[in-house]
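Sequential numbering of the sequence shown, starting at 1, is according to the UniProt record's numbering. All C-beta atoms, glycine included, are put in the ideal place defined by N, C-alpha and C. Notes follow once the structure below has been shown.
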Amino acid sequence: MSQENEHAPPPGPKPIRRLEESLINRIAAGEIIHRPASALKELLENSLDAGSTSIRVTVKDGGLKLLQIQDNGCGIRKDDLPILAERFTTSKLSTFEDLSRITTYGFRGEALASISHVAHLSVLTKTKTSPAAWEASYVDGVLVDPKTRQPSEPKICAGNDGTTITIKDLFYNTPTRLHALRNFSEEYSRILDVITKYAIHNPTVSLSCKKATSTAPDLTAPASKSVPQAIRLLYGHSIATQLLEVNISSSNPNVTSGEDEEDEDAMDLDIPKGPIKWSAELHFSNANYQAKKTVFLLFINHRLVESQRIKRSLEAIYHGVLPKGTSPFVYLSLEIDPRCVDVNVHPTKREVHFLNEEEITEKIADAMQQKLAAQGQSRTFEYQTLLTSSATGPSVSRKRSRKEAENDTNEGGEESKESDSATVEPQEQKKTYSYHKVRTSNKDRTLDSMFPVRNPTQVQDDNSSQGKGKGKAPAEGTSSSTTITTSKSREVKESECMLTSVQNLRQGVLKIRHRQLAEILEKHTFVGIIDTHKCLSLIQYSTNLYLVNHCSLAEELFYQLGLRQFGNFSKMKLQPAPSLKTLLEIAVEGESSTKDSRLTKPQIVEKIAQMLIMRREMLAEYFSLNISELGLVMSLPLLLRDFIPNLDFLPMFLMRLGPQVDWTSETECFDTFLRELAYFYCLGATFPRIPGAEASEEDESHDKAQRWQIQHVLFPAMRHYLQPPKSLLDRDVVQVASLHDLYKVFRTMLILIMDTRLRDVSGCFITDSERY
Numbered sequence: 001m002s003q004e005n006e007h008a009p010p011p012g013p014k015p016i017r018r019l020e021e022s023l024i025n026r027i028a029a030g031e032i033i034h035r036p037a038s039a040l041k042e043l044l045e046n047s048l049d050a051g052s053t054s055i056r057v058t059v060k061d062g063g064l065k066l067l068q069i070q071d072n073g074c075g076i077r078k079d080d081l082p083i084l085a086e087r088f089t090t091s092k093l094s095t096f097e098d099l100s101r102i103t104t105y106g107f108r109g110e111a112l113a114s115i116s117h118v119a120h121l122s123v124l125t126k127t128k129t130s131p132a133a134w135e136a137s138y139v140d141g142v143l144v145d146p147k148t149r150q151p152s153e154p155k156i157c158a159g160n161d162g163t164t165i166t167i168k169d170l171f172y173n174t175p176t177r178l179h180a181l182r183n184f185s186e187e188y189s190r191i192l193d194v195i196t197k198y199a200i201h202n203p204t205v206s207l208s209c210k211k212a213t214s215t216a217p218d219l220t221a222p223a224s225k226s227v228p229q230a231i232r233l234l235y236g237h238s239i240a241t242q243l244l245e246v247n248i249s250s251s252n253p254n255v256t257s258g259e260d261e262e263d264e265d266a267m268d269l270d271i272p273k274g275p276i277k278w279s280a281e282l283h284f285s286n287a288n289y290q291a292k293k294t295v296f297l298l299f300i301n302h303r304l305v306e307s308q309r310i311k312r313s314l315e316a317i318y319h320g321v322l323p324k325g326t327s328p329f330v331y332l333s334l335e336i337d338p339r340c341v342d343v344n345v346h347p348t349k350r351e352v353h354f355l356n357e358e359e360i361t362e363k364i365a366d367a368m369q370q371k372l373a374a375q376g377q378s379r380t381f382e383y384q385t386l387l388t389s390s391a392t393g394p395s396v397s398r399k400r401s402r403k404e405a406e407n408d409t410n411e412g413g414e415e416s417k418e419s420d421s422a423t424v425e426p427q428e429q430k431k432t433y434s435y436h437k438v439r440t441s442n443k444d445r446t447l448d449s450m451f452p453v454r455n456p457t458q459v460q461d462d463n464s465s466q467g468k469g470k471g472k473a474p475a476e477g478t479s480s481s482t483t484i485t486t487s488k489s490r491e492v493k494e495s496e497c498m499l500t501s502v503q504n505l506r507q508g509v510l511k512i513r514h515r516q517l518a519e520i521l522e523k524h525t526f527v528g529i530i531d532t533h534k535c536l537s538l539i540q541y542s543t544n545l546y547l548v549n550h551c552s553l554a555e556e557l558f559y560q561l562g563l564r565q566f567g568n569f570s571k572m573k574l575q576p577a578p579s580l581k582t583l584l585e586i587a588v589e590g591e592s593s594t595k596d597s598r599l600t601k602p603q604i605v606e607k608i609a610q611m612l613i614m615r616r617e618m619l620a621e622y623f624s625l626n627i628s629e630l631g632l633v634m635s636l637p638l639l640l641r642d643f644i645p646n647l648d649f650l651p652m653f654l655m656r657l658g659p660q661v662d663w664t665s666e667t668e669c670f671d672t673f674l675r676e677l678a679y680f681y682c683l684g685a686t687f688p689r690i691p692g693a694e695a696s697e698e699d700e701s702h703d704k705a706q707r708w709q710i711q712h713v714l715f716p717a718m719r720h721y722l723q724p725p726k727s728l729l730d731r732d733v734v735q736v737a738s739l740h741d742l743y744k745v746f747r748t749m750l751i752l753i754m755d756t757r758l759r760d761v762s763g764c765f766i767t768d769s770e771r772y
């Protein structure tokens, strides 16, 4: 630095200027609207204040491109629309004293104003008394025309009762914040978290949320009667079954707001005298539930808030109950006299202050601790310490009781290190009990391995002159002379399809996937087929045995395989090609429900045939179902190599394509067609039997071939491709045995037997002693 600069006089004070109104509003908006989830929270609270019973949320790109909330509340008057998006315009309070009695979610009137300064805001609203709805658009708090951006008046339009608020291009004029929020998945998960928490606290309100590109909602919370039911629906059955409930209120007269002496200032501020009235409703997990992260839902006067002090106090209760590193689930709804709560301490209303916070929190914590202690549940934890001297050396295993866990905590809150310095003596390796052993070798025998069966593709049809090559499937009736040629591809690859309807159907399969059932099917060991006529098979997973309906699993598998290969199916060529009308005549003739139809059987056949022939190009392109102009069925789609559908059901399949497929909608058309195709294929996993009839040699041959297909084709395909929905657990997958439980039964029986024998032996000794 030069000598001249060292002796330069200090700079004078800069002039203070008044900021522009637009800059002031944009700064204020940044304090309130942090991200799409905070904007949604403000709008959601407005909808609840309006008395809504149904709220629907639509999101695009994590809420940055589009965030729309639609409710059926009381709506907004047309006269209020011009000032709706101006700052500090509200219907919740008029004087400062009203702030001490506020019971609504909003009160400042800054939410819509802040949103209008950082996004394009539009409102569509209708009151119950209004004959029509009104639409208004806002920019920087001013009512404008959406096209010209010039001041305008609300426009009349059609609409339902309630309000629909649409936010587009959030943070379009604040590029720094926009670029900081480019993780759309994270923003969308935050939105779902906000909706989930409000759905728990408002169980009588129906809430849903979906992406703009999806037809099915990602979160659906129908109206329920109670908070536990909402928790079960949104957080799962595992939490709901482990919940405890406590209701506590201000019954201790010592918990007061301060001095009993009257204070004129206190009277002026309308602070209540005497005991503070409050009540709390708690739903919290017991000692059997544990999670990696604490789930804490705190509502104070029905307002979703955060409080680290209360959270830490309630978490401390579980230190001696849960293992280290695990956390509980706690829902707390606290209602306090509004005069004792200061709601205006945070721009986003995320925090509140209330009188006697420590005393009330302590009382709530005591009630929780008493409830946990009343359950009489204490956990026993096991830990293992490996000797550092040898990688394969002996280990030490000891049980850690609840009292020991409590003793390991010092008065300062730090863990005691005495246990770490304890002498560890080498012990033998921990024994693995028999009921923990799982058969994992594929060389172990299964039930069907006792009955050798040839590959069904090697079974020849003795009645057919063309049944000499590999890949020929046996058929009966009209299809007995039909030869089927299949492709050689083994792996089922997902086709590239740009159709939105197909992409939505594929996403829908993944959304309803049941994780636990998928793991069972993916890692199962096939045990055997119980009954091919009733479609019952046994599979083993871990130490559990499951009875499954393989026909129902196959139907869902073939539907998903059809969706996976949409537009790129392999073909089964029918040689010679049968007549479509002939097949339809066979199906219609055997269908009893056609008697109630106004059309005659020939008319039904003609109508279905014309319907399929008219759409033959679409069927050939998307499904590889080729029908010639002359009405010959040239080929069928092949869903899975080495699995040939039973062509006896081909007439019924073609007939059902007429009434069962919805040809009017693209999505419904593809979905219902694939369902019918899957139903046709899954019938190949069944072997119909006439009651009372004796099985012929041909029936036994078919049954053996079918068993081979089920074991070596169906179940391996399920392991790789099936995304099972939860509906299969209702009746198609049932646990029939658990090795651990069986050992308990055998152990109990053994104790009873030994006890009986000992009694008999002791009786004999008494008799012998009496003789002497």
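Specify the secondary structure class of residue i as computed by DSSP and reduced to three states.
i	result
ARG656	helix
THR748	helix
GLU415	Note on GLU415: pLDDT 40, under 50, position unreliable in the model; the coordinate value appears next. Correct three-state label for GLU415: strand.
ASP342	strand
THR525	strand
TYR289	coil
PRO10	coil
LEU332	strand
ASP531	strand
GLU697	helix
LEU322	coil
ALA518	helix
ALA737	strand
HIS302	coil
LEU84	coil
Mind checking which residues open and close the beta strand (DSSP E) that includes residue i?
i	result
CYS209	206 to 211
GLN68	66 to 71
GLN503	Counting along the chain, GLN503 falls outside any beta strand (DSSP E), though it belongs to the alpha helix (DSSP H) covering 500 to 511.
HIS283	278 to 285
ALA221	219 to 221
ILE55	54 to 60
LEU314	Note, LEU314: premise wrong, no beta strand (DSSP E); alpha helix (DSSP H) at 308 to 315.
Might you give, ordered along the chain, the residues of its own chain that have their beta carbon closer than 6 Å to the beta carbon of residue i, omitting 5 neighbours on each side?
i	result
SER206	SER54, PRO222, ALA223
ALA587	PRO651, MET652, MET655
TYR235	none
THR164	GLN70, LEU124
HIS120	LYS168, ASP169
ARG17	none
Near residue i, what residues of its chain come up, given a Cβ to Cβ distance below 8 Å and the 5 sequence neighbours on each side ignored?
i	result
ALA737	ASN544, LEU545
ARG190	ARG35, PRO36, ALA37
SER389	Low per-residue confidence applies at SER389: pLDDT is 37, beneath 50, and the placement is therefore not dependable, though the value from the model is reported in the following sentence. So no residue of the chain qualifies.
ALA133	LEU124, THR125, LYS126, ILE156, CYS157, ALA158, GLY159, ASN160
ILE613	LEU580, ILE627, GLU629, GLY631
PRO144	Sequence check: residue 144 is Val here, not Pro. Contacts found: SER137, TYR138, GLN150, PRO151, SER152.
Just reading off the alpha helix (DSSP H) that residue i is part of, what are its end residues?
i	result
ASN46	36 to 49
PHE680	666 to 682
VAL227	227 to 235
GLU362	357 to 374
ALA717	715 to 721
Closer than 7 Å to a non-hydrogen atom of the ligand SAH - does that hold for the CB of residue i?
i	result
PRO10	Although the ligand SAH was asked about, the structure shown includes no ligands whatsoever.
Short of 7 Å in beta carbon distance, which residues of its chain neighbour residue i, apart from the five on each side in sequence? Order them along the chain.
i	result
GLN660	THR672, GLU676
Check: Is there contact here, the segment 564 to 572 with the segment 620 to 639, by at least three beta-carbon pairs under 8 Å?
Finding: Result yes; three or more Cβ-Cβ pairs closer than 8 Å.
Notebook entry, point to check: If you pair each beta-carbon of the segment 169 to 185 with each one of the segment 128 to 142, do three or more pairs fall below 8 Å?
Noted result: The segment 169 to 185 makes no contact with the segment 128 to 142; the number of CB pairs closer than 8 Å stays below 3.
Item checked: Uninterrupted alpha helix (DSSP H) stretches inside the segment 556 to 642 (no shorter than 4 residues) -> If only complete runs of 4 or more residues are kept, the segment 556 to 642 shows the alpha helix (DSSP H) at 580 to 589, 601 to 614, 616 to 623, in order along the chain.
Next item on the list: Counting only runs of 4+ residues fully inside the segment 114 to 198, write out the alpha helix (DSSP H) ranges in chain order.
Entry: Counting whole runs of 4 or more residues, the segment 114 to 198 contains the alpha helix (DSSP H) stretches 175 to 180.
Note to self: Check whether the segment 709 to 725 and the segment 578 to 591 are in contact - that is, three or more C-beta pairs closer than 8 Å.
What the structure shows: Contact between the segment 709 to 725 and the segment 578 to 591 is not established, with fewer than three Cβ pairs separated by less than 8 Å.
Next item on the list: Assess, as a yes-or-no matter, whether the segment 701 to 710 is touched by the segment 499 to 513 under the definition of 3 or more beta carbon pairs within less than 8 Å.
Entry: No, the segment 499 to 513 does not touch the segment 701 to 710.
Item checked: Given 8 Å, three or more beta-carbon pairs between the segment 279 to 296 and the segment 327 to 336 -> Enough Cβ pairs lie closer than 8 Å, so yes.
Note to self: Between the segment 548 to 559 and the segment 722 to 731, can you find at least three pairs of beta-carbon atoms closer than 8 Å?
What the structure shows: Yes: the two stretches touch, three or more of their Cβ pairs being nearer than 8 Å.
Next item on the list: Flag this pair as touching only if the segment 198 to 216 and the segment 43 to 62 have three or more C-beta atom pairs under 8 Å; answer yes or no.
Entry: These segments touch.
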